[in-house]
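**Q**
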Amino acid sequence: MSTPVIEATGLGVTLGGQPILDGIDLSVPAGEVLALLGANGSGKSTLVRTLLGVVPRTSGEVRLFGAPLGPSAPWHRIGYVPQRLPAAAGVPATAYEVVSSGLLHGRTLRPPRGHRRRALAALDDVGLGDRAFQRVQEMSGGQQQRVLIARALVRDPDLLVLDEPTSGIDIPTQATFVDTVSRLHDAGTTVVVILHELGPFAPLIDRAVVLRHGRVAHDGAPPRARDEHAGEWHDHTHAHPDPEPPRTGPSLSVEVNP
Amino acid sequence: MTAWDQVVELLSSPLMQRALLAAILVGAAAPVVGTFLVQRRMALMGDGIGHVALTGVALGWLVGSWAGLVPQDTLALPGAVVAAVVGSIVIELVRERGRTSGDLALALMFYGGIAGGVLLIKLAGGTNANLISYLFGSISTVSSADLWWTVGLAVLVLTLGVGLRTALFAVSHDEEFARASGLPVRLLSMLVATIAALTVTIAMRVVGLLLVSALMIVPVAIAQLFARSFGRTMMLASVVGVVVSIAGLVLTYWQDIPPGATIVVLAILVYAVTATLQPLLRRPAPPRDPHPDMVDDVLLVDDVTDDGPLSRPAPTA
Numbered sequence: 106m107s108t109p110v111i112e113a114t115g116l117g118v119t120l121g122g123q124p125i126l127d128g129i130d131l132s133v134p135a136g137e138v139l140a141l142l143g144a145n146g147s148g149k150s151t152l153v154r155t156l157l158g159v160v161p162r163t164s165g166e167v168r169l170f171g172a173p174l175g176p177s178a179p180w181h182r183i184g185y186v187p188q189r190l191p192a193a194a195g196v197p198a199t200a201y202e203v204v205s206s207g208l209l210h211g212r213t214l215r216p217p218r219g220h221r222r223r224a225l226a227a228l229d230d231v232g233l234g235d236r237a238f239q240r241v242q243e244m245s246g247g248q249q250q251r252v253l254i255a256r257a258l259v260r261d262p263d264l265l266v267l268d269e270p271t272s273g274i275d276i277p278t279q280a281t282f283v284d285t286v287s288r289l290h291d292a293g294t295t296v297v298v299i300l301h302e303l304g305p306f307a308p309l310i311d312r313a314v315v316l317r318h319g320r321v322a323h324d325g326a327p328p329r330a331r332d333e334h335a336g337e338w339h340d341h342t343h344a345h346p347d348p349e350p351p352r353t354g355p356s357l358s359v360e361v362n363p
Numbered sequence: 032m033t034a035w036d037q038v039v040e041l042l043s044s045p046l047m048q049r050a051l052l053a054a055i056l057v058g059a060a061a062p063v064v065g066t067f068l069v070q071r072r073m074a075l076m077g078d079g080i081g082h083v084a085l086t087g088v089a090l091g092w093l094v095g096s097w098a099g100l101v102p103q104d105t106l107a108l109p110g111a112v113v114a115a116v117v118g119s120i121v122i123e124l125v126r127e128r129g130r131t132s133g134d135l136a137l138a139l140m141f142y143g144g145i146a147g148g149v150l151l152i153k154l155a156g157g158t159n160a161n162l163i164s165y166l167f168g169s170i171s172t173v174s175s176a177d178l179w180w181t182v183g184l185a186v187l188v189l190t191l192g193v194g195l196r197t198a199l200f201a202v203s204h205d206e207e208f209a210r211a212s213g214l215p216v217r218l219l220s221m222l223v224a225t226i227a228a229l230t231v232t233i234a235m236r237v238v239g240l241l242l243v244s245a246l247m248i249v250p251v252a253i254a255q256l257f258a259r260s261f262g263r264t265m266m267l268a269s270v271v272g273v274v275v276s277i278a279g280l281v282l283t284y285w286q287d288i289p290p291g292a293t294i295v296v297l298a299i300l301v302y303a304v305t306a307t308l309q310p311l312l313r314r315p316a317p318p319r320d321p322h323p324d325m326v327d328d329v330l331l332v333d334d335v336t337d338d339g340p341l342s343r344p345a346p347t348a
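Here the protein sequences line up with chains A and B, keeping their order.
For the first sequence, my numbering begins at 106 and goes up steadily by one.
For the second sequence, my numbering begins at 32 and goes up steadily by one.
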């Protein structure tokens with residue numbers, strides 16, 4: 106059997122005295138699409154950030170493509186899409202500049218030859234070719250998300266890690282994510298995606314890991330949706346009718362008279 | 032005497048030549064570093080380093096007087112370099128550990144730096160007056176040795192700042208992504224801090240330790256009013272830095288005014304004028320749909336009726 110893309114053994118993370126993750130064993134073989142599921146605060150994001158060395162681990166070991174975390178890990182084969190762009194700093198930056206920064210990794214501190222063409226091509230792939238030289242700060246949330254995908258894809262990763270790509274995102278951008286993931290999956294890329302609900306990703310998911318209070322609660326086939334939600338025709342992104350709000354005290358009504 | 036003669040006279044004075052070269056180098060290098068500091072939301076870091084560097088100046092003075100060096104301030108600049116680099120690394124470590132205690136720690140460093148400098152200069156047998164030229168700059172006393180320091184350090188700062196700008200941008204823009212890319216984040220953060228410290232020490236002679244930060248930050252503030260990209264901001268800020276430094280210095284050739292303060296006031300005036308005029312200068316963008324490729328997925332029930340075109344009842348009085 107070939108080397109797993111991600112191999113974590115006995116992973117534990119303690120932040121500010123609080124145990125966030127405890128005894129996580131995870132092995133992701135090449136070419137798999139793995140969904141990480143769990144409630145808010147169950148440790149999904151922390152797990153992903155620990156696997157990539159963003160959050161220091163308290164115990165356990167992580168190997169990426171068989172190499173331990175550190176300068177020698179094959180960083181050029183890994184693309185990470187965080188939940189959102191960091192809060193805007195004072196200095197403007199264009200989408201092209203943000204994507205170009207994705208060409209740096211490990212000990213590569215200067216953009217490689219042909220970086221301009223590659224960055225523009227990556228922006229084209231997410232449908233932002235005509236906005237490459239616009240400030241990212243002026244873009245909408247969905248467009249910023251697409252810039253972040255382009256930044257991860259510009260280095261042609263063999264492992265793509267997505268942190269809640271569908272939360273707070275309009276439907277066309279969600280579709281961009283799903284298209285991208287299915288295209289990469291067909292090309293043999295390994296994908297780890299954090300999700301709240303399987304939603305539009307459902308048909309792509311090979312395996313699901315559910316976290317609960319920092320421990321693995323389920324590892325195997327993706328959980329089936331209940332009842333009518335499981336139907337093939339069921340559209341997960343439709344607007345659910347709002348439930349009747351509980352009546353507490355006198356209600357306020359506003360009327361506009363022409 | 033014609034204006035041309037005056038320019039020739041100005042350029043032929045060796046003192047002015049040295050001062051101009053120092054001003055150009057500092058004016059070009061300081062905003063390059065300032066761009067990274069503004070992006071990291073550490074615009075005041077230059078100030079912090081400047082305060083700490085004062086202790087270094089006094090320490091250099093103290094060591095010089097112990098060793099019996101003549102003049103006593105031979106080691107002032109090396110002392111400032113060492114203290115500034117150490118101070119900047121401490122500030123960076125404090126920032127890395129957590130933001131809550133960060134600004135308090137910075138404040139302690141500000142006051143400790145000034146107090147330490149004043150105390151040590153007294154022990155070294157000097158007076159506060161000796162510190163004034165470092166606090167507010169004395170470009171007219173730039174010696175050849177000072178100039179070589181300035182040239183060397185400015186070239187180093189510009190080479191690192193411009194050569195590694197993509198990497199330094201990556202770390203300053205999104206530290207989490209930089210870590211997830213395996214970039215040496217801590218090393219690069221320390222590098223920004225160190226080149227900021229070197230810039231402070233070379234700008235010390237031109238504008239003084241208390242005004243160094245202005246030369247790093249104000250040109251960036253001007254540039255980002257106009258530039259769209261990070262690269263352009265950096266370039267434009269550097270040009271602004273050179274222009275105000277030369278203009279301020281040349282003004283002091285004819286008028287008896289302090290050069291450091293003149294350069295800073297000039298930069299702030301440029302900012303005030305451009306910030307006021309910028310909305311008038313910029314062509315108003317034509318109103319357009321920011322998402323032409325996107326369907327409008329919000330339907331207002333009132334707008335659509337089953338029987339064809341929209342018809343609204345006329346408002347009644």
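Glycine is no exception: its CB is placed at the ideal position from the N, C-alpha and C atoms.
What residues in its chain sit with their C-beta under 6 Å from that of residue 298(B), if we drop five residues either side in the sequence?
**A** Taking the second sequence and counting its residues from 1, one reaches residue 298(B) at position 267. Excluding sequence positions up to five before and after residue 298(B), its CB lies within less than 6 Å of the CB of 249, 275, all in the same chain and listed in chain order.
**Q** Near residue 67(B), which residues of its chain fall below 6 Å by C-beta distance, leaving aside the five closest residues on each side in sequence?
**A** Here residue 67(B) corresponds to residue number 36 of the second sequence, with the count starting at 1. Closer than 6 Å at the Cβ level, and outside the excluded window around residue 67(B), lie 199, 203, 223.
**Q** Would you please state the rounded distance, in angstroms, between the beta carbons of residue 199(A) and residue 240(A)? I believe it to be under 8 Å.
**A** For this step, residue 199(A) is matched to residue 94 along the first sequence. For this step, residue 240(A) is matched to residue 135 along the first sequence. Their Cβ separation, rounded to whole angstroms, is 6 Å, which keeps residue 199(A) and residue 240(A) in contact under 8 Å.
**Q** Note down, one range per segment and in chain order, each beta strand (DSSP E) of at least 3 residues found wholly within the region 249–330 of chain A.
**A** 264–268, 295–299, 312–317, 320–325
**Q** Starting from the beta carbon of residue 283(A), find every residue of chain B whose beta carbon is closer than 8 Å, and list them in chain order.
**A** The residue labelled residue 283(A) in the question sits at position 178 within the first sequence. Simply none; closest approach about 16 Å.
**Q** Going along the chain, which residues of its own chain have a beta-carbon closer than 7 Å to the beta-carbon of residue 272(B), five neighbours each way excluded?
**A** Residue 272(B) sits at position 241 when you count from the first residue of the second sequence. Once the five neighbours on either side are set aside, the close Cβ partners of residue 272(B) are 58, 59, 61, 62, 246, 250.
**Q** Who does residue 240(A) pair with in a DSSP beta bridge?
**A** Position 135 of the first sequence, counted from the first residue, corresponds to residue 240(A). Per DSSP, 199(A).
**Q** Between residue 44(B) and chain A, is any beta-carbon pair separated by less than 7 Å?
**A** Translated into the one-based positions of the second sequence, residue 44(B) becomes position 13. No - not a single Cβ of chain A is within 7 Å of the one on residue 44(B).
**Q** By a C-beta neighbour count over all protein chains shown, 10 Å radius and 16 as the cutoff for buried, is residue 348(B) buried or exposed?
**A** Reading the second sequence from its first residue, position 317 is the one you call residue 348(B). With a pLDDT of only 46 at residue 348(B), under the threshold of 50, the placement of this residue in the model should not be trusted, and no figure is reported.
**Q** With a cut-off of 7 Å, does the C-beta of residue 296(A) fall near any C-beta of chain B?
**A** The count along the first sequence starts at 1 and reaches residue 296(A) at position 191. Chain B contact via Cβ: absent.
**Q** Are residue 96(A) and residue 143(A) close, meaning C-beta to C-beta below 7 Å?
**A** A question about residue 96(A) goes unanswered here, because the residues of chain A that appear run from 106 up to 363.
**Q** Which residues mark the beginning and the end of the alpha helix (DSSP H) in which residue 128(B) is found?
**A** The count along the second sequence starts at 1 and reaches residue 128(B) at position 97. Note, residue 128(B): alpha helix (DSSP H), 107–128.
**Q** Please tell me whether residue 260(B) has its Cβ less than 7 Å away from any Cβ of chain A.
**A** Counting from 1 along the second sequence, the entry for residue 260(B) is found at position 229. Under the Cβ criterion of 7 Å, residue 260(B) is counted among the residues facing chain A.
**Q** DSSP beta-bridge partners for residue 166(A)?
**A** If you number the first sequence from 1, residue 166(A) lands on position 61. Bridge partners of residue 166(A): 114(A).
**Q** What is the DSSP secondary structure of residue 132(A), reduced to helix, strand or coil?
**A** Here the question's residue 132(A) lines up with position 27 in the first sequence. If DSSP states are grouped into helix, strand and coil, residue 132(A) belongs with the strands.
**Q** Can you tell me which of 148(B), 302(B), 123(B), 184(B) puts its alpha carbon nearest to the alpha carbon of residue 165(B)?
**A** Indexing the second sequence from 1 puts residue 165(B) at position 134. Comparing Cα positions, the closest option is 148(B).
**Q** Indicate the three-state DSSP secondary structure (helix, strand or coil) for residue 214(B) in the structure shown.
**A** Taking the first residue of the second sequence as 1, we reach residue 214(B) at position 183. The answer is coil: DSSP assigns residue 214(B) none of H, G, I, E or B.
**Q** Which runs of the alpha helix (DSSP H) at least 4 residues long sit entirely within the region 212–268 of chain B? Give them in chain order.
**A** 216–238, 243–257
**Q** Count the other C-beta atoms from every protein chain shown that fall within 10 angstroms of the C-beta of residue 39(B), then say buried if there are 16 or more, exposed otherwise.
**A** On the second sequence, position 8 is the one that residue 39(B) refers to. Exposed, by the Cβ-count rule.
**Q** Determine the direct distance from the alpha carbon of residue 201(A) to that of residue 131(B), and round the result to whole angstroms.
**A** Here residue 131(B) refers to the residue found at position 100 of the second sequence. Here residue 201(A) refers to the residue found at position 96 of the first sequence. Low local confidence applies: a pLDDT of 49 at residue 131(B) is under 50, so the model's placement there is unreliable, with the coordinate-based value given in what follows. Spanning the two alpha carbons is a distance of roughly 33 Å.
**Q** Of all Cβ atoms in chain A, is any one closer than 7 Å to the Cβ of residue 70(B)?
**A** Here the question's residue 70(B) lines up with position 39 in the second sequence. With 7 Å as the cut-off, residue 70(B) counts as an interface residue toward chain A.
**Q** Is the separation between the beta-carbon of residue 228(B) and that of residue 119(B) shorter than 7 Å?
**A** Here residue 228(B) corresponds to residue number 197 of the second sequence, with the count starting at 1. Here residue 119(B) corresponds to residue number 88 of the second sequence, with the count starting at 1. Yes, Cβ-Cβ distance for residue 228(B) and residue 119(B) is below 7 Å.
**Q** For residue 185(A), which beta-bridge partners are listed by DSSP?
**A** Your numbering for residue 185(A) matches position 80 in the first sequence. According to DSSP, residue 185(A) bridges with 266(A).
**Q** Which residue or residues does DSSP assign as beta-bridge partners of residue 119(A)?
**A** Counting from 1 along the first sequence, the entry for residue 119(A) is found at position 14. For residue 119(A), which the question treats as bridged, DSSP gives the partners 124(A).
**Q** Taking the alpha carbon of residue 108(A) as the reference point, which residue from 166(A), 172(A), 164(A) has its own alpha carbon closest?
**A** Here residue 108(A) corresponds to residue number 3 of the first sequence, with the count starting at 1. It is 172(A) whose Cα lies nearest to the Cα of residue 108(A).
**Q** Considering only their Cβ atoms, is the gap separating residue 230(B) from residue 64(B) smaller than 7 Å?
**A** Stepping through the second sequence from its first residue, residue 64(B) is reached at position 33. Stepping through the second sequence from its first residue, residue 230(B) is reached at position 199. Closer than 7 Å, so yes.
**Q** Against chain B, does residue 290(A) count as a neighbour if the rule is that its beta carbon must be under 7 Å from one of theirs?
**A** As a position in the first sequence, residue 290(A) is number 185, starting the count at 1. False, the Cβ-Cβ gap to chain B never drops below 7 Å.
**Q** Which class does residue 108(A) belong to by DSSP, given the choice of helix, strand or coil?
**A** Here residue 108(A) refers to the residue found at position 3 of the first sequence. Residue state, collapsed to three classes: coil.
**Q** State the Cα-Cα distance for the pair residue 321(A) and residue 315(A), rounded to the nearest angstrom.
**A** Here the question's residue 321(A) lines up with position 216 in the first sequence. Here the question's residue 315(A) lines up with position 210 in the first sequence. Residue 321(A) and residue 315(A): Cα-Cα distance of roughly 6 Å.
**Q** Taking 6 Å as the limit between beta carbons, can you name the residues of its chain near residue 155(B), skipping five residues before and five after?
**A** Taking the second sequence and counting its residues from 1, one reaches residue 155(B) at position 124. Once the five neighbours on either side are set aside, the close Cβ partners of residue 155(B) are 92, 93, 96.
**Q** So residue 140(A) is in the beta strand (DSSP E); what residue range does that whole segment cover?
**A** The residue given as residue 140(A) occupies position 35 in the first sequence. Membership of residue 140(A) in the beta strand (DSSP E) is indicated by the continuous run 138–143.
**Q** Any idea if residue 361(B) is buried or exposed, counting beta-carbon neighbours within 10 angstroms, 16 or more meaning buried?
**A** There is no way to answer for residue 361(B), as the model of chain B reaches only from 32 to 348.
**Q** Could you tell me whether the Cβ of residue 226(A) comes closer than 7 Å to any Cβ of chain B?
**A** Reading the first sequence from its first residue, position 121 is the one you call residue 226(A). No, because no Cβ of chain B sits closer than 7 Å to the Cβ of residue 226(A).
**Q** Assign residue 121(A) to buried or exposed, taking buried as 16 or more other Cβ atoms, counted over all protein chains shown, within 10 Å of its Cβ.
**A** In the first sequence, residue 121(A) corresponds to position 16, counting from 1. Exposed, since its Cβ has fewer than 16 Cβ neighbours within 10 Å.
**Q** When DSSP labels each residue in this structure, what does residue 172(A) get in the three-state scheme?
**A** Along the first sequence, read from residue 1 onward, the residue named residue 172(A) stands at position 67. If DSSP states are grouped into helix, strand and coil, residue 172(A) belongs with the strands.
**Q** Would you mind working out which of 304(B), 49(B), 279(B), 69(B) sits nearest residue 181(B), comparing C-alpha positions?
**A** Taking the first residue of the second sequence as 1, we reach residue 181(B) at position 150. Of 304(B), 49(B), 279(B), 69(B), the residue nearest in Cα terms is 49(B).
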